[in-house]
Each structure stands twice: as structure tokens, then as C-alpha cells.
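Since the structure comes first, as C-alpha cells, the remarks are kept for the end.
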Amino acid sequence: MAPIIEVKGLHHRYRNGFHALRGVSVTIERGEFVAIIGQNGSGKTTFVKHLNSLLRATTGTVYVNGLDVSQHVVSEMARTVGYCFQNPDHQIFCESVYKEVAYGPQNLHLNQAEVDQRVDEALGAVGMLHCKNSMPRELSKGQRQRLAVAAVLSMRPEILIIDEPTTGQDYRDGIEMLNLVKRLHQSGHTVLIITHDMLLVARFAKRVLVLRDGQILLDGTPREVFGQPDVLYSTFLAPPPITSLAQALPEFFPEPVLSMDEMVEQTLALLRKR
Amino acid sequence: MMEYVFRRSLIHDLHPLTKLVWSAVILVLALILDSPWFLAGIILSVILMGFVAKVGKETLVYTGGLLAFSVIIFLIQVWFRPGGRILFSVFPSSWPVVGGWLPVTISGVLYGLAMSLRVLCIVAPFSVILSTTQPRDVIMALVDKLHVPYDYAFLFTTTLRFMPIIMTEVSTISQAQRSRAYAVEGWNPIRRLKAIAPIAIPIVFIAIEKAERLGLCMDLRGYGSKERTYLRAFKLRLLDWVALTLMVLTLIGGIVAAVKGYGRIVIP
Numbered sequence: 000m001a002p003i004i005e006v007k008g009l010h011h012r013y014r015n016g017f018h019a020l021r022g023v024s025v026t027i028e029r030g031e032f033v034a035i036i037g038q039n040g041s042g043k044t045t046f047v048k049h050l051n052s053l054l055r056a057t058t059g060t061v062y063v064n065g066l067d068v069s070q071h072v073v074s075e076m077a078r079t080v081g082y083c084f085q086n087p088d089h090q091i092f093c094e095s096v097y098k099e100v101a102y103g104p105q106n107l108h109l110n111q112a113e114v115d116q117r118v119d120e121a122l123g124a125v126g127m128l129h130c131k132n133s134m135p136r137e138l139s140k141g142q143r144q145r146l147a148v149a150a151v152l153s154m155r156p157e158i159l160i161i162d163e164p165t166t167g168q169d170y171r172d173g174i175e176m177l178n179l180v181k182r183l184h185q186s187g188h189t190v191l192i193i194t195h196d197m198l199l200v201a202r203f204a205k206r207v208l209v210l211r212d213g214q215i216l217l218d219g220t221p222r223e224v225f226g227q228p229d230v231l232y233s234t235f236l237a238p239p240p241i242t243s244l245a246q247a248l249p250e251f252f253p254e255p256v257l258s259m260d261e262m263v264e265q266t267l268a269l270l271r272k273r
Numbered sequence: 000m001m002e003y004v005f006r007r008s009l010i011h012d013l014h015p016l017t018k019l020v021w022s023a024v025i026l027v028l029a030l031i032l033d034s035p036w037f038l039a040g041i042i043l044s045v046i047l048m049g050f051v052a053k054v055g056k057e058t059l060v061y062t063g064g065l066l067a068f069s070v071i072i073f074l075i076q077v078w079f080r081p082g083g084r085i086l087f088s089v090f091p092s093s094w095p096v097v098g099g100w101l102p103v104t105i106s107g108v109l110y111g112l113a114m115s116l117r118v119l120c121i122v123a124p125f126s127v128i129l130s131t132t133q134p135r136d137v138i139m140a141l142v143d144k145l146h147v148p149y150d151y152a153f154l155f156t157t158t159l160r161f162m163p164i165i166m167t168e169v170s171t172i173s174q175a176q177r178s179r180a181y182a183v184e185g186w187n188p189i190r191r192l193k194a195i196a197p198i199a200i201p202i203v204f205i206a207i208e209k210a211e212r213l214g215l216c217m218d219l220r221g222y223g224s225k226e227r228t229y230l231r232a233f234k235l236r237l238l239d240w241v242a243l244t245l246m247v248l249t250l251i252g253g254i255v256a257a258v259k260g261y262g263r264i265v266i267p
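Just so you know, the protein sequences line up as chains P and G, in that order.
Take the first sequence: its letter number 271 is residue 270 in numbering that gives the first Met the number 0, and every next letter is one higher.
Take the second sequence: its letter number 182 is residue 181 in numbering that gives the first Met the number 0, and every next letter is one higher.
Written out as C-alpha cells, the structure reads:
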């Protein structure tokens, strides 16, 4: 099957002259879980905004699900690409959770029964069916963030883009959000997340894109990417602490370690050997 | 939209009040003198001032942008103040029925020129002032020299400062809603009005939130606890006095010229 996202030679120059993307080419297959990392200003958000036509390529081509994105407006791309913005307060405007989630499907001109079904499905997926009649503004920050995801899910997009899903959340909300993203990936979505949370990348992502100055610096599995700390340091990123610890002890851990469990396992194996 | 241009120049260094007086002098001169020659001289002096301030290009672009208005004003004047010799008619007199309509007269042309140049004279100085003076400096000058209460001045500068922030937020909100298939469709006014809600409601909440936070920050930094002192003293320097003297002399010269009748439009 054709890849779901195919980007070739993508350049973007903003109207103020800032050259944000300088030749990005990447292919993403259906069902991948990709984390995009990089410093602020490296082009992460600019890149994903090309996938649903919010931004138009200065040069280069972007194909999503076989569609030439430059030929379609954002509202058409919304059926395929669900883009969840970082701050849920930028989109919540309805007086009930139900209406908020129903807004997207209604924009797609679906009938009432279909809208209702999709709202239930989306709220179920984020575990918020019980707050269907709540006021969105009275929800906690974590709930509002999940509501924002539901509002996008209800359009049944194949691709989900989530901008910084864990930023500004407490530990519990962050974990809930991550489990949600993981479930959505398992249920068949192609997931792209933008994040600064390296633990999240190590634990959940199957593929990592590292951006620097509008170019892809590294592209590989978390193990491959975190195995090159020097390249990461060059753009002020660092592997998770547990990976760095292992890298500081190369005679015991020749391969990159991604989690506490791996570290424990390998340490026990070493101890037994002695 | 004119914006402050960060450059060093003689004009940038002038006291904001001096620049405000300058625009006032130009306003008075442009109103009391009618002759297109005088008015053309004034507009040239304003553009020259732009070049002295190293914002010549910006001044030209801005003044050029106003030309469209000037042309409209010129055309209106041409036909509303006819007089003197007829230069030509828009519909040549040889044409049947409409021949000789809309005559263009000498008086019409001169008054048209005067009016359109006058508008340029009145507006162009602001382009020089805005590109060489930070808005907050204008406000501070008003507080310092004209004793405008600081609270009002603060209100005004904060409003100016908030505009770009709010516009950025509006753009983000609009992108977020478009990602949910929001699209303004059709020409039905009620539908279009309804389509504002997804943008307007979030921006109102965000603006209130930002204003609340700003208020807290101001309290935390002791706003209104005592008489304020200022980091930068706004003093009229020698350069300002020289400029002010020149302006007063020019103004007197202009008034004398006007009283003696040199500024009048002479219809040959």
C-alpha cells in the first residue's frame, strides 16, 4: 500500500522572510507512531501544519493519503488529518462537551444519528462519556486536553497529529494522555506527536524525527536516535537520564538502554554472570 | 500600517513633543495656505524630513499609498469648484447631446491640486513620527510635559501592546478551528454571523485571562503604590530647542504670507 504521508523537498519561507523548513523529505507508513523532536524554532510545528494544508509549501510536494495537499483546503483535509493544538483553550467554545465534540462532524455535514454515534465513540475513546453534558470550561486542564482530542477524533481522521500532549500537565494527566495516545495508535491511527518529553519518546514512539534548523537531522527508532547523544547535544537535546546513565557506563551497557525495566534486566543479567 | 523603524538618526533622537509640535505646525500651515506651490513645498519638506530620519523609503511608500485618496479628492474638487478658463471637457463639445459635459477649468484644477496636496501634508508627517518614535515614548512625553494622568497613558500603551498579541491568538484559534473543518461558507448573513462564535468565544476567554494575569503582575510590581519615577528622563535638548525655534519662525513666516495674501490661489 502507498505510504500515508509522503513529503518531498519541502521548503517553507514565512512572509517575514524566515526560512523555517529547508528541504524536508520523509515518508511515513500507515499505522506508524512518530515523535517529532527538536528545539523551539526548529520547524516541528511548521512541518506538521503542511500535512493538513494550514500552511502551503513554498516549494516541494506533500501527499497525504494519496491527496496532493496543495489542492485541498484545511476543512477537506480534516477528514483525514486530525490536528490537535497544544492549548485546548484555543478551540473550546461550546457550552457543553457534547456540542464541542459534535462540532467537527456537523461541519462535515453528517446526519444527526451519525453525529451522535461519533460523539459517543470519541468521548468513549478518551474516557469522558460521563461528562457529556458538562461545561467544558469547568473541566480540569487534563480533561480539557482530552476533550480537544475527542473533538478531533469525532471526525474519524486516519492521521492524528498532537502538539505537545503532555506539556503543562501533572504526572497523572500526562500518563493518562499518553495511554490514550497509545490506545489510539493501537486502534489503527497513524500518530504524529510533537514533544519535548524524551521519556515519552523512549517509551511510546516507534520512530523519531529530529529536526534542526528546518532539516531532518536524525530519523530512526528511539534506540537508534538516542544512541547518538553527540548529535542530539548539537541541537540541545539529550537522551532520557536512564539512557545517559547507561552511556556513561559503556563497558557494562554497550547498547542504548531506553527504560528502567531494561536497565534492571541488563543489570541483573550482568550480576548473575559474575 | 506604520511601525517604528529601529534606526539611529537626528529625528529619532528628537523629543516626541518636538515631533508632535512639528506635525501641528505643518497642519496649521497646510490649512492657512491655499497655493499648490506652497503645499507642494510643504509635502516635499516632509519627505525630506523622512530622508533625514533615514526612513525616506518608508515615507515615500506610505505617502504613495495615500495618492489614491488624493486623486479622488482632486477629481471631486475639479468639478465642484469650476471657474476661469475651460481647459477641456471630459465629453468633447463636438459630441451630440452630452458634448461639453464635465468641463475641466483652471480654477477646478488649482483647487483640486490644493485640496489633494493638503490632505497629503496633513497625513504624511504622522508617517515620519510613527516610524521614528516608539508609541510609549509619545505617551510618556504626554504624561511628562502635558500632565496626562499616568493611568490613562498606561491604558493606552497597554492597548497598543495587546493588539499584536491578540492578533496572534486569533490566528492560532482560527487555525485550530479550521482543523476541525470550520469554514465560512455562503453569503447568508445570519450564517456568517454565527460563524464568528468559534473564533470570538475562545478569544474573549483568552483575552480576559491575559488581562487578569497582567493585572496581577502589575500589582506584584507595585503598580499605583506611590508616585512613579521614570528610568528615562525626557528632556528637551539643544537640538529640540533649535528645531522648535525654526518651526516657530516658519510658522510666523507662513502666517505673515497668508495674511499678506501670498498663499492665495491666483487664477490666471
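The beta-carbon is built from N, C-alpha and C at its ideal position, and this holds for glycine as well.
Bear in mind that the values here come from a model prediction, so they are computed numbers and not experimental data.
Short CB-CB distance (under 7 Å) between residue i and chain P
i	result
P201(G)	yes
A182(G)	yes
A175(G)	yes
T167(G)	no
I207(G)	no
M0(G)	Confidence at M0(G) is low in this model, with a pLDDT of 49, below 50, so the placement of that residue should be treated as unreliable; the coordinate-derived value is given next. Not one chain P Cβ lies under 7 Å of M0(G).
D12(G)	no
S290(G)	Within the shown structure, residues of chain G are numbered from 0 to 267, placing residue 290(G) beyond reach of any answer.
P163(G)	no
Neighbour flag for residue i against chain G, beta carbons, 7 Å
i	result
V148(P)	no
Y82(P)	yes
A19(P)	no
K181(P)	no
S41(P)	no
S74(P)	yes
L107(P)	yes
K7(P)	no
Q90(P)	yes
Residues that residue i bridges to, as DSSP identifies them
i	result
S88(G)	P102(G)
I158(P)	V80(P), T189(P)
H11(P)	L20(P)
L66(P)	V63(P)
E5(P)	T26(P), Y62(P)
V33(P)	L191(P), R206(P)
Limits of the unbroken alpha helix (DSSP H) element including residue i
i	result
E261(P)	259–272
R211(P)	No alpha helix (DSSP H) contains R211(P), which is instead part of the beta strand (DSSP E) from 206–211.
L192(G)	188–193
A182(G)	Looking at the DSSP string, A182(G) is not in any alpha helix (DSSP H), and its letter there is neither H nor E.
S233(P)	228–233
L9(G)	9–12
C216(G)	196–219
S69(G)	55–79
P104(P)	96–106
A150(P)	140–152
W36(G)	35–51
P255(P)	Neither: P255(P) is in no alpha helix (DSSP H) and is coded neither H nor E.
C-alpha gap between residue i and residue j, whole angstroms
i	j	result
P81(G)	G107(G)	5 Å
P2(P)	I164(G)	39 Å
F79(G)	Y102(P)	56 Å
L237(G)	G252(G)	22 Å
L107(P)	R177(G)	12 Å
I85(G)	Y181(G)	59 Å
F153(G)	A175(G)	33 Å
M0(G)	Y13(P)	Bear in mind that a pLDDT of 49 at M0(G), under 50, signals an unreliable position, so the number given afterwards is only what the model happens to contain. The straight-line gap from Cα to Cα measures roughly 19 Å.
S34(G)	A113(G)	6 Å
D273(G)	R263(G)	Any question about residue 273(G) goes unanswered here, given that chain G covers just 0 to 267.
T104(G)	G83(G)	6 Å
G221(G)	I202(G)	28 Å
V114(P)	I207(G)	32 Å
I200(G)	F92(P)	6 Å
D67(P)	L65(G)	42 Å
Segment limits, beta strand (DSSP E) that includes residue i
i	result
Y62(P)	58–63
T26(P)	18–27
L216(P)	214–219
Residue i CB to nearest heavy atom of the ligand ZN below 6 Å
i	result
V203(G)	In terms of ligand content, the structure shown is empty, and the ligand ZN therefore cannot be addressed.
The segment 71–90 of chain P / the segment 146–165 of chain P touching (three or more Cβ pairs under 8 Å): Yes, they touch.
Using a Cβ distance threshold of 8 Å, determine whether the segment 135–148 of chain G contacts the segment 7–21 of chain G, with at least three qualifying pairs required. yes
Three or more C-beta pairs under 8 Å: does that hold for the segment 23–31 of chain G against the segment 120–138 of chain G? Of all C-beta pairs linking the segment 23–31 of chain G to the segment 120–138 of chain G, three or more are shorter than 8 Å, placing the two stretches in contact.
The segment 21–39 of chain P / the segment 189–209 of chain P touching (three or more Cβ pairs under 8 Å): Output reads yes: the segment 189–209 of chain P touches the segment 21–39 of chain P.
Do three or more CB pairs link the segment 223–231 of chain P to the segment 183–190 of chain P at distances below 8 Å? The answer is no - the segment 183–190 of chain P does not touch the segment 223–231 of chain P, with fewer than three Cβ pairs under 8 Å.
Quick test of the definition: if touching needs 3 or more C-beta pairs under 8 Å, does the segment 56–65 of chain P touch the segment 230–240 of chain P? no
Mind the definition here: the segment 206–219 of chain P touches the segment 20–31 of chain P only if three or more C-beta pairs lie below 8 Å; say whether that holds. The answer is yes - the segment 20–31 of chain P touches the segment 206–219 of chain P, with three or more Cβ pairs under 8 Å.
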